[in-house]
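A.B. asks: Residue numbers for the sequence shown follow our numbering, so the first one is 88 and each next one is one higher.
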Amino acid sequence: MSVTLSKNASKGHEQMLISQEQEAKINEVRKLIGSLSDKASVYCSDASISRYLSSRNWNVQKGAQMLKLSLKWREEYKPEEICWEDIADEAATGKMYRSNYNDKHGRTVLVIRPRNQLNTKTIQGQIKYFVYCMENATLNLPPHQEGMVWLIDFQGLSLSNISLKLARETAHVLQEYYPGRLSLAVMYNAPMIFQPFFKMVKPLLDTKTYNKLKFGYSGDRKTKKMMEDLFDMDKLESAFGGKYDIVFDVNKYAERMKEEDKKIATFWTRAKTLSSIPQQNNPSLDSIKLDADSDSSGMEKIDCSLVANSGQNLMAN
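#1: Taking contact to mean 3 or more Cβ pairs, one atom from each stretch, closer than 8 Å, check whether the stretch 240-259 and the stretch 207-219 are in contact.
#2: Could you have a look at Glu324 and say whether DSSP puts it in helix, strand or coil?
#3: Taking DSSP as the reference, what is the three-state secondary structure of Lys330?
#4: Reducing DSSP to helix, strand and coil, say where Trp160 ends up.
#5: Evaluate contact between the stretch 228-246 and the stretch 260-270, counting only Cβ atoms and requiring at least three cross-stretch pairs below 8 Å.
#6: Throw me the rounded Cβ distance for the Ile351 and Leu226 pair, which I believe falls under 8 Å.
#7: On the criterion of 16 or more Cβ atoms from any shown chain inside 10 Å, does Arg138 qualify as buried, or is it exposed?
#8: Which residue's Cα is closest to the Cα of Pro230: Leu205, Leu291, Arg194, Trp355?
#9: Count the other C-beta atoms from every protein chain shown that fall within 10 angstroms of the C-beta of Lys353, then say buried if there are 16 or more, exposed otherwise.
#10: Assign Ser128 to buried or exposed, taking buried as 16 or more other Cβ atoms, counted over all protein chains shown, within 10 Å of its Cβ.
#11: Which of helix, strand or coil does DSSP assign to Arg185?
#12: Label Gly303 either buried or exposed according to how many other C-beta atoms from any shown protein chain fall within 10 Å of its C-beta, with 16 as the threshold for buried.
#13: Mapping DSSP to helix, strand and coil, what is Trp237?
#14: Quick check: what's the CA-CA separation for Gln107 versus Asn114?
#15: Going by Cα to Cα distance, which pick from Pro201, Asp190, Leu244 is closest to Asp224?
#16: Between Met183 and the rest of its own chain, which residues show a CB-CB distance below 6 Å, the 5 nearest in sequence each way excluded?
#17: Whole angstroms are fine: how far does the CA of Phe318 sit from the CA of Lys330?
#18: Which first and last residues belong to the beta strand (DSSP E) in which Tyr416 is found?
#19: One question on the structure: do Thr257 and Phe217 come within less than 9 Å of each other, judged by their Cβ atoms?
#20: Please classify Asp133 as buried or exposed, where buried requires at least 16 neighbouring CB atoms within 10 angstroms.
#21: Quick one: Cα of Ser135 to Cα of Pro201, how far?
#22: What first and last residue would you give for the beta strand (DSSP E) that runs through Ile199?
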């Protein structure tokens, strides 16, 4: 079918043609990256490759190069091996944590409070904790979602909490090693002192990342509607206009994360076995769901399961 005919075709058929084109490019990337290690083969699902391609506007050469650099980083940095004990000091103040609620689309939520970054001693330590949170949030995404939500609470922000170097490193890690994993970032109650800093940060963000940032303010009707559309207000924290009053308890959070660390470690241990299965049958990061049921104490009972979804189905989400 010619390009002209495809434009006149039904919407469903046109989507099918696009999917076939994308699949061909995914296969081209696989040829360019060559043989992979056990963990890398599990990481490189069709859905994962499609995120790298999408980040580079579906340019095969650029997408493959980006993925190669990411795989090199994962091999050296070993983000999947970071555990709670490695980052406990960074997590102590509750400056970043995975909430025990998702948005209405099922996306995992990371809560970020810049005012609580006073315990950060090194950029390296902060980035390590950021990576830990990204890995955990990613592995807790439901099969039909590829991206997470950030809720950034700027209440009480001071100039001492702001670091351009940290912002630069965070933006680099997010955009180069976790493409497509951020669906939305709500910047809540950003004060006037943040504006000049944001002007310096803006050039560090690619267009796709920048477009995912939304500013919101207490008492603003548009913000209220946005949050109501996104969240169950009974579960959403009061700091973001919800009805749920919560105080971060690092001890409870530590127990929750330690349990999840065990499940994640088990999965990556199985990667060697899974890599021996033909590629098209391999479960991947995009087909994992760490089910969590919160109890009244804020703890979670976690069940790690491998859900049989193909990369092609995930790519269509």
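Just so you know, even glycine gets a beta-carbon here, dropped at the ideal spot from N, CA and C.
C.D. replies: Per the coordinate set shown:
#1: Touching, per the Cβ criterion.
#2: Note: Glu324 maps to strand in three-state DSSP.
#3: Correct three-state label for Lys330: coil.
#4: In the structure shown, Trp160 falls within a helical segment according to DSSP collapsed to helix, strand and coil.
#5: Touching, yes, given that three or more Cβ pairs across the two stretches are closer than 8 Å.
#6: The pair is a contact, with the Cβ atoms about 6 Å apart (cut-off 8 Å).
#7: The residue in question, Arg138, is buried, as its Cβ has 16 or more Cβ neighbours within 10 Å.
#8: Looking at Leu205, Leu291, Arg194, Trp355, the one whose alpha-carbon comes closest to that of Pro230 is Arg194.
#9: For the sequence presented, residue 353 should be read as Thr rather than Lys. By the neighbour-count rule (16 or more Cβ atoms within 10 Å), Thr353 is not buried but exposed.
#10: It is buried - the Cβ of Ser128 has at least 16 other Cβ atoms within 10 Å.
#11: It is a strand residue.
#12: Buried, by the Cβ-count rule.
#13: Trp237 falls in the strand class under three-state DSSP.
#14: Cα to Cα, the separation comes out at about 11 Å.
#15: For the record, residue 224 in the displayed sequence is Ala; it is not Asp. Comparing Cα-Cα distances from Ala224 to each of Pro201, Asp190, Leu244, the minimum goes to Asp190.
#16: Result list for Met183: Ile199, Cys220, in chain order.
#17: Answer to the nearest angstrom: the Cα atoms are 11 Å apart.
#18: Residue 416 is absent from the structure shown; the chain starts at 88 and stops at 404.
#19: Result yes, Cβ atoms of Thr257 and Phe217 sit closer than 9 Å.
#20: It counts as buried.
#21: Approximately 30 Å, taken between the alpha carbons.
#22: Start and end: 196-199.
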